[in-house]
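**Q** Just so you know, our numbering puts the end of the sequence shown at 1982, numbered straight through with nothing missing. Built from N, CA and C at the ideal position, the CB exists for glycine as well.
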Amino acid sequence: MEIQGSLSPLTDFAPPVAFSPAHRVVNLSGLSGWILHNANHSISVPAQLPSEQYQDLYSAGVIADPLYGFNDSIEEWVQMTNWTYTSPILAGLHSSDDGSQIWLVFEGLDTFTSIEICNKTIGKTNNQFRQYLFDVTSALDSCTEPRLSVAFFSAAEVAYATSTSSRAQPKWNEINSCSADNKLGCKIYARKEQNDFGWDWSPSLVPAGPWRPIYAVQLTCQSPVYVTNTLIDIYREGQLNNMPPNQIVPWVFNASLDFIGELPNGASLQLTLTDVHNNTILKRLLCGVYISNMTITGSTTIDDSKVQLWWPSGFGEQPLYYARIDVIDGDKNEITAIERRVGFRTIVLNLNPVTEVQQSAGIAPGSNWHFEINGDEIYCKGSNFVPPDVFWPRANETRIRRLFEFVVKGNQNMLRVWSSGAYLADWIYNMADEMGILLWSEFQFSDAEYPTDQSYLANYEAEVYYNVRHLNNHPSLAVWVGGNELEQIQLAYFFNATSPKEIMLQYQLVFEEILIKCVYANTRSISYIPSSTYNGYLRLDFNSTRPQLPRYENRSSTEAIYSDTDYYNYDATQAFNLSSYPIGRFANEFGFHSMPSLQSWETEVTPDQFYLTSPAVVHHNRHYPFGISNKTITERSLAGIAEMTDAVRLWYPTPQLSSPAANFSAWIYATQVFQADFYQHQIAFYRRGSGLPERQLGSLYWQLEDLWVAPTWSSIEATGRQKLIYYAAKDIYRPVIGYGYYNISTYELQVWVTSDLSREVVATATLDWFDWNGQPLSIKAEGPNYEQPYIRNASQIATVKVGPINSTQVFRYSNLIESLQAKGHLPTNAILRLSVLGRFMGEVYLHTSFFTVPGSLANTTLPDPGLVLVQTPAAHGRTASIQGSETSNIVIFDITATKATAAWVWLNYQTNAVTGYWSENGFWLAKGETKTVYFTVWEDWSSGKWVQTVEVRSLWNNTRTSK
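Put into structure tokens, the structure is as follows:
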């Protein structure tokens, strides 16, 4: 199959990239007529760029949906095949005698390619994350019907071939399980999205294709340059990386433009800064302009009074500005121009030693490990962001914006953009800028030891250098991190303090010498650390080969705390043992897996597979416990599923419904309850640490979202549905919370109030005890200093002051079990409701949490709560709490527990004919309590009939044998 098309003459090129009307740029990806074919043309199908081979093969009906059922394995031949994308005839794309040049600009090729135009090879590529530029002027000579052809070679095959070449080291192959029988284990040899080769939440598809746009650029005498990349660095005068800057000095605005072509002598740069309303803030020439290595650079200072500070969500507004940089000649004529949106903020990852002043305030010795925005400490609340789709070209603006809306509405202010995915596109950072989401950003290295021959080192440097410059204008950029868990792995397996061996030395070379200098050479506004979990440094010396002299295991005392934490524990018996949680300054990753909803499973497996151990469910599960690599894949997958089911059996009623589909749905719900319960305990534990010696200032759970339907750690399923953990995290991430912390060994219960607000909060905490049937229980608490709280009716009330980003203990029971039994109450029949009302700068903050003794939910007979669900009209005034939503898109439900207390109440729409989200879900209701919940509709293909499918359940339903 061949489809031809044409390109309008270059004289008609539109200029979407630069402002000069003389510029000639065309987006070749937007042309119709591209084809995808294999080597012998036995398969040849239309292609839509940007794309990857699976997308076009699926659209043409050559393959089935690669994510459905077992298709990722059935269609493995696709990833092992070489594929070529060929353009239509590019009429008008030709060289001329006037000295003009034609360049091709590839913004992203995944990954190993050979590129031809007019049947002439113009270049090869080997890095998914780099921009590639080729001058094709001479190749177009005497070419009347030019076609562009990009051949993509199987990354799995190329990586394996490299592993057997002289460029590889046997130890690398052994450590990474790279072999002829496991070519996917050879991923370290491919500068490509590492989870493409499979992860414990991702299939192994290894896509290939032009995943980002391709441009043709014509340079002429009138338009002699094209800007290929732009660095804008905004920082305080005197600021240095990783160091808190002086907040009262002017801003420095540094602009650096990479280009192809020729600039005349005497070229200069002019900045025009405007706000979003097109008001000009300033217009001036930049100073100290110089040209070096196809880059022109200049800077200026900007007074504080000219601009407003950008803040993350929850801490202030997000004012943004447009910075236009004109390149002008000596006669003040414009040569070209670029425009970037910017914000003014400082952000530092503070790893400085804990000071004597801090220690006198109760902070443990060691080092800080927290972020400071505009000089203020903040508590980072968020999650980990993985690729939102197995095929990046499908990740459109609507999808990403909705994910980011979940982040903001979920009381989150930071996402960790996990390495082994891909660098996010500029437009995604733009969204984060607008919405106030900080993006902890990582270079694409994870959980492995990487090659260090000169060609790889040069490739790493080019990749990182480009992306650091490309993304630096975004105020949402929070930090650059060398990679995922790298130092942790070195310390566990390869560390030798006195005589480091080869693997450790290679780690130091890449992450402590090369990548850090790519950051420090380009920007002063961003911190760098070599690894996501990092013990910090002993010394910071910008003139050293290794600017950060790492601490590793060099600790001054056993009480000193230096690092952040990365924690997983699949022993469910320890899930609610607070002493098993790690104590650190910041939690960058933690979690436990759960099942996605039955409705999401409906999109990717057949109904006969609706049970926990079905072949399709087992196939989609990619989490295999450690220590059983000698088992079959099926046995390892079943062991991963058993971790979830064992946790449910241990802590909650076990579903035993007679209907297979209903029982599967009940088990799904139960695994999500455990995940939510576990996460809430951990997040509350970390947040309480803001007021303890560890001065813990960050919680990022694993993981925000899914890219296919499978048992994973996600809070947002691949279909966009939200798991119970999303709402549990939203609740425990509220600015002011109250929570009960139970010691399973001593039976002590402490009740704390925590605030992440920047000023002191005065809060009222109210305790109520009752049994499952709603009868009040009289169990007196002690204050933290053993004083008695105020008692009104059956409630115990105390007023508490909580300092900025801090925690305060308000109640305690030195032995809760004795207190209950002394009053004749069974621990399994006692429920604590804690309500907190806080006030701060005119705002009111409410939070309610429920506590039961761990294990009681599985060891008591839960009464029927008599849940009643009623849809109510969207009357005026009842949608006030749903910001940014129109009444016509809101459906309101009232849920009442008419007979008894309901645990983990869950609303679910049993159809895929609607999308949207709830204002609250996964909550508790006391007997007689009614909660109003809003559902915001995004799309509705059911004409409103989806409302009839909404069901409500609680843990009591798990005790039933029929639905």
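Keeping to the same chain, check which residues put their C-beta closer than 7 Å to that of residue 1566; ignore five residues upstream and five downstream.
**A** Contacts found: 1535, 1539, 1559, 1560.
**Q** Do residue 1863 and residue 1757 have their C-beta atoms closer together than 9 Å?
**A** Contact flag unset, no.
**Q** With a CB to CB cut of under 7 Å and the five nearest residues on each side skipped, what residues in its chain are close to residue 1170?
**A** So the list reads 1101, 1103, 1132, 1133, once near-sequence residues are dropped.
**Q** For the segment 1899 to 1975, list the alpha helix (DSSP H) runs that are entirely contained and at least 4 residues long, ordered along the chain.
**A** DSSP runs (the alpha helix (DSSP H)) wholly in the segment 1899 to 1975: none.
**Q** Does DSSP put residue 1023 in a helix, in a strand, or in coil?
**A** Only weak support is given to the placement of residue 1023: the predicted model assigns it a pLDDT of 32, under 50, and the value that follows is read from those uncertain coordinates. It is coil, neither helix nor strand.
**Q** Check each candidate in 1740, 1121, 1659 and name the one with the smallest Cα separation from residue 1619.
**A** When only C-alpha atoms are compared, the closest one is 1740.
**Q** Going by other Cβ atoms of all chains shown within 10 Å of its Cβ, with 16 needed for buried, is residue 1400 buried or exposed?
**A** Answer is buried; the Cβ neighbour count reaches 16.
**Q** Counting only the same chain and skipping the five closest in sequence on each side, list residues whose C-beta sits under 7 Å from that of residue 1697.
**A** Cβ neighbours of residue 1697 beyond the five flanking positions: 1594, 1611.
**Q** With DSSP as the reference, identify every bridge partner of residue 1270, one or two as the case may be.
**A** BP columns for residue 1270 point to 1255, 1321.
**Q** Can you tell me which of the three DSSP states residue 1480 falls into?
**A** Residue state, collapsed to three classes: helix.
**Q** Would you kindly work out how many angstroms separate the C-alpha atoms of residue 1975 and residue 1922, rounded to a whole number?
**A** Answer to the nearest angstrom: the Cα atoms are 8 Å apart.
**Q** Can you look up residue 1157 in the DSSP assignment and give me helix, strand or coil?
**A** In the structure shown, residue 1157 sits in a helix (DSSP, three-state: H, G or I).
**Q** Using a Cβ-Cβ cut-off of 6 Å (strictly less than) and excluding sequence neighbours within five positions of residue 1641, which residues of its own chain qualify?
**A** Only 1219 meet the Cβ criterion.
**Q** Is it true that the CB of residue 1621 sits closer than 9 Å to the CB of residue 1201?
**A** Not in contact: residue 1201 and residue 1621 (Cβ atoms no closer than 9 Å).
**Q** Could you please give the first and the last residue of the uninterrupted alpha helix (DSSP H) stretch that includes residue 1679?
**A** Run containing residue 1679: 1679 to 1707, per the alpha helix (DSSP H) assignment.
**Q** Across the segment 1457 to 1467 and the segment 1481 to 1497, are there enough close Cβ pairs to call them in contact, namely three or more that are closer than 8 Å?
**A** The segment 1457 to 1467 vs the segment 1481 to 1497: in contact.
**Q** Would you kindly check if the distance between the Cβ of residue 1692 and the Cβ of residue 1728 is under 9 Å?
**A** Not closer than 9 Å, so no.
**Q** Report the option in 1312, 1702, 1303 whose CA atom is closest to the CA atom of residue 1747.
**A** If we check each option's Cα against that of residue 1747, 1702 comes out closest.
**Q** What number of angstroms, rounded off, separates the C-alpha of residue 1902 from the C-alpha of residue 1158?
**A** Bear in mind that the predicted position of residue 1902 carries a pLDDT of just 46, short of 50, making it unreliable; the figure below should be weighed with that in mind. Their backbone Cα atoms lie some 57 Å apart in a straight line.
**Q** Just list the residues that DSSP pairs residue 1720 with in beta bridges.
**A** Per DSSP, 1402.
**Q** Between which residues of its own chain and residue 1824 is the CB-CB distance below 8 Å, once the five residues before and five after are set aside?
**A** 1396, 1397, 1398, 1709, 1716, 1774, 1775, 1776, 1777, listed in sequence order.
**Q** Look up residue 1234 in the DSSP assignment and give the residues it is bridged to.
**A** 1046, 1124.
**Q** Roughly how many whole angstroms lie between the Cα atoms of residue 1879 and residue 1840?
**A** Straight-line Cα distance between these residues: approximately 16 Å.
**Q** For residue 1099, collect the residues of the same chain with a Cβ closer than 8 Å to its Cβ; drop the 5 residues on either side in sequence, then sort them by chain order.
**A** Excluding positions up to five away in sequence, the list reads 1173, 1175, 1176.
**Q** Which of the three DSSP states is assigned to residue 1418 in this structure?
**A** The answer is helix: DSSP assigns residue 1418 an H, G or I state.
**Q** For residue 1021, which residues in the same chain have their Cβ closer than 6 Å to its Cβ, ignoring the five residues on either side in sequence?
**A** Note that residue 1021 scores 32 on pLDDT, short of 50, meaning its location in the model is unreliable and no value can be drawn from it.
**Q** Locate the beta strand (DSSP E) running through residue 1668, then write down its first and last residues.
**A** That residue, residue 1668, is in no beta strand (DSSP E); its alpha helix (DSSP H) goes 1652 to 1670.
**Q** Could you spell out where the alpha helix (DSSP H) holding residue 1862 opens and where it closes?
**A** Careful: residue 1862 lies outside any alpha helix (DSSP H), inside the beta strand (DSSP E) at 1862 to 1870.
**Q** Name the one or two DSSP bridge partners that residue 1166 has.
**A** BP columns for residue 1166 are empty, so no partner.
**Q** Nearest-angstrom Cα distance between residue 1475 and residue 1607?
**A** So the two alpha carbons sit approximately 29 Å from each other.
**Q** Who are the Cβ neighbours of residue 1197 in its own chain at under 6 Å, not counting the five residues just before and after it?
**A** 1182, 1204, 1205, listed in sequence order.
**Q** Rounding to the nearest angstrom, what Cα-Cα distance links residue 1957 and residue 1935 in this structure?
**A** So the alpha carbons of these two residues sit roughly 5 Å apart.
**Q** Could you please give the first and the last residue of the uninterrupted beta strand (DSSP E) stretch that includes residue 1447?
**A** Not the beta strand (DSSP E): residue 1447 falls in the alpha helix (DSSP H), residues 1445 to 1454.
**Q** With DSSP as the reference, label residue 1556 as helix, strand or coil.
**A** If DSSP states are grouped into helix, strand and coil, residue 1556 belongs with the strands.
**Q** Across which residues does DSSP place residue 1218 in a beta bridge pair?
**A** In DSSP, residue 1218 forms a bridge with 1221.
**Q** Who does residue 1363 pair with in a DSSP beta bridge?
**A** For residue 1363, which the question treats as bridged, DSSP gives the partners 1328.
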